[in-house]
Amino acid sequence: MKKEDYSIYEYRMQKEIQNHEVVYNERLNGKFEKISVRTSISGYVDGYIYRPEACDKDEVLPVMFNFHGGGNVLGYAEVDGVYCQRLANEANCAVINMDYCLAPEFKFPKPIYSTYEAIVKIKENSYLYKIDPSRIVVGGHSAGGYISAALCLLDREKKEIGISGQIIDYSPLKQSLSEEDRKALDPSKAMNPSRIAQYINWYFEDLNDLDDPLASPLLADLSNLPRMLILAAEYDSLLKEEKEFADKAKAQGNNVKFEIFKDCQHGFTHKWLKEYNEKEAERAWKMMADFLKEIFFE
3 MKKEDYSIYE YRMQKEIQNH EVVYNERLNG KFEKISVRTS ISGYVDGYIY RPEACDKDEV
63 LPVMFNFHGG GNVLGYAEVD GVYCQRLANE ANCAVINMDY CLAPEFKFPK PIYSTYEAIV
123 KIKENSYLYK IDPSRIVVGG HSAGGYISAA LCLLDREKKE IGISGQIIDY SPLKQSLSEE
183 DRKALDPSKA MNPSRIAQYI NWYFEDLNDL DDPLASPLLA DLSNLPRMLI LAAEYDSLLK
243 EEKEFADKAK AQGNNVKFEI FKDCQHGFTH KWLKEYNEKE AERAWKMMAD FLKEIFFE
């Protein structure tokens, strides 16, 4: 790592303190099965399988792979645990909450390729996990939504997973250090531009990679991609790129549902964050569950 990369550890410590209670409670009380698959890029990648609480333990279920947020540099899969369980219950599917590798230890594009490899291996052993390899959706929040979009681009090329749908929730879809690119409706309610720049510098070894399609899906050819649900927050500095992504994807022939959540900020769906908006979060989670049911059962 570069000398400046070591600043990540102080920042992670702050987040450890902020998230410790949620992480502890999920590890202790979450109803999941932990699995690990070894990848050639980042070693073991862990996943946490959530199933509907009322389902038969031997039932083979369609599956969503969930990716948490954290700017590609923070790793707290547990903070999504209660929501993975909710989606599993409401959509009658399995949800595998992926603890993917992070920068600056694993810089772009390693997290994308490592995660792809992990999903392929899980699919190859789907009988062990009682999941249906023909019904797979990817989705996530913030950086996790970006990872989902990048995985769909990669799978269009490799064709090893066969992704049926993607959920992109307030996600960075164009890597940029320009504040002009991310003007927010109210800057006081948006992410700090200096923090975004720090995330980018932690994630990339070479800033010339910012325009790579797997780094900035907005810049990619968006034809022939899985069905999309894109959720955006009105006061998020990422709103502009999400809307541009949705418009471009529609124009290139994809099935896209795009929704802006009024009076909401980045992170509005997660109840322990100060940006939480209970009413709109409930609507967002219902939309996600309905999207999964449409993909899996209609």
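Each residue of the sequence shown is one higher than the one before, counting from 3 in our numbering. C-beta atoms are modelled at their ideal positions from N, C-alpha and C, and glycine is treated no differently.
- Please check if any C-beta of chain C sits within less than 8 Å of the C-beta of K112. Looking for chain C here will not work: only one protein chain is present.
- Query: What are the residues that DSSP puts in a beta bridge with I165?
  - Reply: Working through the sequence shown from its first residue, we reach residue 165 at position 163. Bridge partners of I165: I138.
- Below 8 Å, can you find three or more Cβ-Cβ pairs linking the segment 135 to 147 to the segment 39 to 59? no
- Could you say which of F299, M289, E300 lies nearest to L89 if we only look at CA atoms? Here the question's residue 89 lines up with position 87 in the sequence shown. Measuring from the Cα of L89, the nearest candidate turns out to be M289.
- Query: Can you tell me the Cα-Cα spacing of H268 and L209, whole angstroms?
  - Reply: Residue numbering aside, residue 268 sits at position 266 when the sequence shown is read from its first letter. Residue numbering aside, residue 209 sits at position 207 when the sequence shown is read from its first letter. Spanning the two alpha carbons is a distance of roughly 25 Å.
- Query: Nearest-angstrom Cα distance between V97 and N91?
  - Reply: Here the question's residue 97 lines up with position 95 in the sequence shown. Here the question's residue 91 lines up with position 89 in the sequence shown. Each residue's alpha carbon lies about 10 Å from the other.
- When you compare only the Cα positions, how much space is there between I121 and I198? Counting from 1 along the sequence shown, the entry for residue 121 is found at position 119. Counting from 1 along the sequence shown, the entry for residue 198 is found at position 196. Cα-Cα distance, rounded: 28 Å.
- Please go through the same chain and pick out, in chain order, the residues whose beta-carbon is closer than 8 Å to the beta-carbon of E6, but skip the five residues on each side of it. By one-based count along the sequence shown, residue 6 stands at place 4. Around E6: N203.
- Continuous beta strand (DSSP E) stretch holding M66: start and end: In the sequence shown, the residue the question calls residue 66 occupies position 64. Start and end: 63 to 69.
- Message: Going by beta-carbon coordinates alone, are V84 and E18 separated by less than 8 Å?
- Response: As a first step, residue 84 must be located in the sequence shown, where it is residue number 82. As a first step, residue 18 must be located in the sequence shown, where it is residue number 16. Their beta carbons are not under 8 Å apart, which means V84 does not touch E18 by this criterion.
- D171 versus S239 - alpha carbon distance: Translated into positions along the sequence shown, residue 171 becomes position 169. Translated into positions along the sequence shown, residue 239 becomes position 237. Each residue's Cα considered, the two are about 13 Å apart.
- Pick out whichever of E243, I124, G72, E159 has its Cα sitting closest to the Cα of E182. Counting from 1 along the sequence shown, the entry for residue 182 is found at position 180. E182 has its Cα closest to that of E243, out of E243, I124, G72, E159.
- Query: Who pairs with T41 in a beta bridge, going by DSSP?
  - Reply: Looking up residue 41 in the sequence shown gives position 39. Note: T41 sits in a beta bridge opposite G45.
- Out of N194, L216, I297, point me to the one whose CA is closest to T117's CA. Translated into the one-based positions of the sequence shown, residue 117 becomes position 115. Ranking N194, L216, I297 by Cα distance to T117 puts L216 first.
- Hey, quick one: how far does the alpha helix (DSSP H) through A234 stretch, first residue to last? To locate residue 234, count along the sequence shown from 1; it is residue 232. First-last for A234: 229 to 235, but that is the beta strand (DSSP E), not the alpha helix (DSSP H).
- Query: So does the segment 123 to 133 actually touch the segment 151 to 160, counting three or more Cβ pairs closer than 8 Å?
  - Reply: no
- Where does Y26 land, buried or exposed, given buried means 16+ other C-beta within 10 angstroms? Translated into the one-based positions of the sequence shown, residue 26 becomes position 24. Exposed, since its Cβ has fewer than 16 Cβ neighbours within 10 Å.
- Task: Return helix, strand or coil for A291, following the three-state DSSP convention.
- Result: For this step, residue 291 is matched to residue 289 along the sequence shown. Residue state, collapsed to three classes: helix.
- Backbone secondary structure at M100 - three-state DSSP: Against the sequence shown, residue 100 aligns to sequence position 98. In this structure, M100 counts as strand in the three-state DSSP scheme.
- Message: Let me check you understand the geometry: is the CB of V258 closer than 7 Å to at least one non-hydrogen atom of the ligand NAP?
- Response: Absent from the structure shown: the ligand NAP. Ligands present: none.
- Inter-residue Cα distance where the pair is N279 and S144: What you label residue 279 is simply residue 277 of the sequence shown in a count that begins at 1. What you label residue 144 is simply residue 142 of the sequence shown in a count that begins at 1. So the two alpha carbons sit approximately 16 Å from each other.
- For V258, three-class secondary structure by DSSP: Position 256 of the sequence shown, counting from 1, holds the residue named residue 258. Of the three classes helix, strand and coil, the one that applies to V258 here is strand, per DSSP.
- Item | Simplified DSSP state of H22, which is helix, strand or coil | Here residue 22 is taken as the residue at index 20 of the sequence shown, counted from 1. Three-state result, H22: helix.
- Query: Would you say the segment 43 to 52 touches the segment 101 to 120, given that touching needs at least three Cβ pairs under 8 Å?
  - Reply: yes
- Query: At what residues does the alpha helix (DSSP H) containing A152 begin and finish?
  - Reply: Walking along the sequence shown from the start, residue 152 turns up at place 150. Per DSSP, A152 belongs to the alpha helix (DSSP H) from 145 to 160.
- Item | C-alpha distance - L227 paired with L241, whole-angstrom precision | Locating residue 227 in the sequence shown gives position 225, counting from the first residue. Locating residue 241 in the sequence shown gives position 239, counting from the first residue. Going from the Cα of L227 to the Cα of L241 covers about 21 Å.
- CA-to-CA distance, K176 to D214, given in whole angstroms: Mapped onto the sequence shown, residue 214 falls at position 212. Mapped onto the sequence shown, residue 176 falls at position 174. Computed Cα separation, rounded: 10 Å.
- Task: Could you check how far apart the C-beta atoms of I262 and E236 are, in whole angstroms? I think they sit under 8 Å.
- Result: Mapped onto the sequence shown, residue 262 falls at position 260. Mapped onto the sequence shown, residue 236 falls at position 234. The Cβ separation is near 6 Å, so the contact holds.
- Please name the residue, chosen from L30, V24, I51, N31, that lies closest to I37 on a Cα-to-Cα basis. Sequence index remark: in the sequence shown, residue 37 carries index 35 (1-based). The shortest C-alpha separation from I37 is found at I51.
- Task: Tell me whether H22 is buried or exposed, calling it buried when 16 or more other Cβ atoms sit within 10 Å of its Cβ.
- Result: Numbered from 1 along the sequence shown, position 20 holds the residue referred to as residue 22. By the neighbour-count rule (16 or more Cβ atoms within 10 Å), H22 is not buried but exposed.
- Item | Residue of K250, P219, M15, D188 minimising C-alpha distance to I149 | What you label residue 149 is simply residue 147 of the sequence shown in a count that begins at 1. It is P219 whose Cα lies nearest to the Cα of I149.
- Anticipated Cβ contact below 8 Å, A93 with A286, distance rounded: Counted from its first residue, the sequence shown places residue 93 at position 91. Counted from its first residue, the sequence shown places residue 286 at position 284. At roughly 14 Å, the Cβ-Cβ gap does not stay under 8 Å, so A93 and A286 are not in contact.
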